[in-house]
Each structure stands twice: as C-alpha cells, then as structure tokens.
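To start, the structure under review is shown below, and the notes come after it.
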Amino acid sequence: DDVNTIFYNPAGLANLSSKEVNLMYTKPWVGLDGIDISFMHGAFSYPLDKYGNFGIGITQYDVNGIYLENTATICYGYDLARLLKFDRKILAGINLKYLGWSVKWDEEIKRQDDPVVKAGNSKSSFGVDFGLYSEPVGGLKIGLLGRNLNSPDVGLYYENKVPQEYRFGLAYNFGDLGRFEDFTTAFDISHRGQEYSEESKLQYFFGIESWINFHTFGFRVGYNKTDITTGLSYCPRIKQGTIRLKIDYALLISSVYTESMGSHKISFGIEF
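If you're matching positions, the sequence shown starts at 2 in the numbering used here and goes up one per residue.
Right, here's the structure in full:
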C-alpha cells in the first residue's frame, strides 16, 4: 500500500492517492567474513487522477564494490474498473525496466585468455513486468505478477537470460481486532524459471501485519523457506495531517546463513 509496490506489483501503484517518495537501504547477512553486500532503492509516485498513476524506481546492488547491478524502472498503474464500469477495483500495472550490471576484473583475471573477460565488463538490457490487483469482496485482496516477461539477455559473452517469474498472492484484512487495527494475513507463491537450483524455483511466503494508535505504529512478521522476518513501522502525521512520514525497519533471520547477524532493512518515506 505504498510506492514500493513498483518493485513488487506495478498494479498496486493505481491504489495510491497521494504523491510519495521512499528511500531504502538493506545490509544483507551482516557479520559474514569476506562479504560486504548492500542494496539501495528509491521510488517516487505521482497520481494522475482519472488517468492513473505514474512512478519511477531506481535500485543498486553492490557486492564488495566489485560487482554492481543497477535498475531503473518506469511504472504506470490504472484502475480498469473505470473503463469496465465495475464497482470493485481491478487494477493493472506495467513496468518498463533498464537492467544493467558491471564487474571489476582484477589484473590476474585480465591476463587470462577468457572470452568472457575479453568481451568487456558490463552489459545492459530492458525488461517488462505486468501485474493485476483486485479486491473482489470486502477485506480480500488478490494480486498476480509476471516479472521479466521478455526474458532479457544480460549475458556478456554467452547468453544469460533473466528468468521469467510469476507470482500469485492473497491477503485478507480482518479489520480491527481489539486494539489491533487492520489485522491482515497474507500468502504468496512464486515460480521462477531459472535453469539452476530446481529446489528454489518454487517459493512461498506467509505474513501478518497490523497497526495500533490510529495507524501510527505498525508491526509485521513473515516466513518463507529461508528467512523469518520481523518489522516495525512508525508513521507520524505532520502539518495538520496533510503530510505523513513513514519509517520502517525489518530484520531477516536466515536459516541458510546461520553465522550471520541477519539482514537489516531501513526505509524512510513521505506522503504529501
């Protein structure tokens, strides 16, 4: 329900009614020897009233300052119910993405007679995502996503296509339960058509989210095959309620990299 939907399901962008900016920093697997990975992203959304919503997103993935992945996304979301004269939301969204990566070869590798190294140290391509989102009955939310539908080739010398990924999700908002506001449970399942690691092609995700004190404080917990996640949100309203700040923190505990002190995410957002 915020501008980060650009990275998860572009259809959700049509749900936003105000301009939003969000910046996030992630530090995966803190404490692992020899590994220094960071992930950053920024996103911005701009409602176009009856013409839908527009958004942009930028991400950077950095491994030890040696390998970099960069993505730039243009996103558009629209409520098809306006055209179809439906009472319930039927949101659709599309992402057009620039995908690029680069690597710093060391001198020893450069001296080797390797066709991949000789081909250069960077490659880019373009990808397409498409998503749908609906709320068919009160409290129920359904989402469908197709990611990298054109299987962009990012191989430097040999072909290396980004696998298509399909994701289906359900969420149900039980409303207010005592002091807990908008108590919501969610389930997602995804399939990524990679040629490696048959075991990790199919993924599933469970989650719970709720709020207290008039949506000022939020908490969430999630689970999949490799991680347990906990998260907190603080969302004060300022300037007579017209501006809303959002600060999120999440801790991911990995069942694979058990020697690490977890992955940490922090983000700052503003609605105006």
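Just so it is clear, CB atoms sit at the ideal spot from N, CA and C, and this is done for glycine as well.
Range of the contiguous alpha helix (DSSP H) that encloses residue i
| i | result |
| --- | --- |
| LYS1 | Outside the shown range of the chain, which is 2 to 273, sits residue 1, and nothing can be said about it. |
| PRO302 | The question about residue 302 has no answer, for the chain in this structure spans 2 to 273. |
Reduced DSSP category for residue i - H, G, I as helix; E, B as strand; rest coil
| i | result |
| --- | --- |
| ASN151 | coil |
| ASP88 | coil |
| ASN10 | coil |
| VAL163 | coil |
| SER5 | In the sequence on display, residue 5 carries Asn and not Ser. Helix. |
| ASP228 | strand |
| LYS142 | strand |
| LYS105 | coil |
| LYS51 | helix |
Neighbourhood of residue i by C-beta, 7 Å cutoff - its chain only, sequence neighbours within 5 removed
| i | result |
| --- | --- |
| ARG180 | ILE213 |
N-terminal and C-terminal residue of the beta strand (DSSP E) that residue i is part of
| i | result |
| --- | --- |
| GLU182 | 182–193 |
| PHE55 | 54–64 |
| TYR250 | 244–255 |
| MET41 | 38–48 |
| ALA73 | 68–80 |
| VAL129 | 123–135 |
| LYS28 | 21–28 |
| SER18 | Element bounds for SER18: n/a, residue is neither H nor E. |
| GLY208 | 203–213 |
| GLU272 | 264–272 |
8 Å contact criterion, which residue i and residue j should meet: CB distance rounded
| i | j | result |
| --- | --- | --- |
| PRO11 | ILE110 | Not quite, the Cβ-Cβ distance comes to about 38 Å (not below 8 Å), so this is no contact. |
| SER261 | LEU33 | 5 Å |
| PHE188 | GLY176 | The pair is not a contact, with the Cβ atoms about 19 Å apart (cut-off 8 Å). |
| SER211 | ASP183 | 6 Å |
| LYS20 | TYR52 | Not quite, the Cβ-Cβ distance comes to about 15 Å (not below 8 Å), so this is no contact. |
Cβ shell of residue i (< 6 Å), same chain only, five flanking positions each side left out
| i | result |
| --- | --- |
| LEU146 | ASN10, GLY132, ARG168 |
| GLY223 | GLY208, THR230 |
| ARG148 | ASP130, GLU166 |
Residues near residue i in its chain [Cβ-Cβ closer than 8 Å; skip 5 each side]
| i | result |
| --- | --- |
| PRO137 | ARG89, ILE143 |
| GLY263 | TRP30, VAL31, LEU252, LEU253, ILE254, SER255 |
| VAL257 | THR227 |
Handout entry: Three CB pairs or more closer than 8 Å across the stretch 36–46 and the stretch 54–68
Key = yes
Problem - Segment contact, 8 Å Cβ cut-off, at least three pairs: the stretch 24–37 with the stretch 160–180 - result: no
Exercise for the section: Take every Cβ of the stretch 96–113, pair it with every Cβ of the stretch 30–38, and state whether three or more of those distances are shorter than 8 Å. Expected result: no
Problem - the stretch 236–252 in contact with the stretch 205–223 per 3-pair CB rule at 8 Å - result: yes
Practice task
Check whether the stretch 114–123 touches the stretch 86–97, counting contact only when three or more Cβ pairs, one atom from each stretch, lie closer than 8 Å.
Solution key: no
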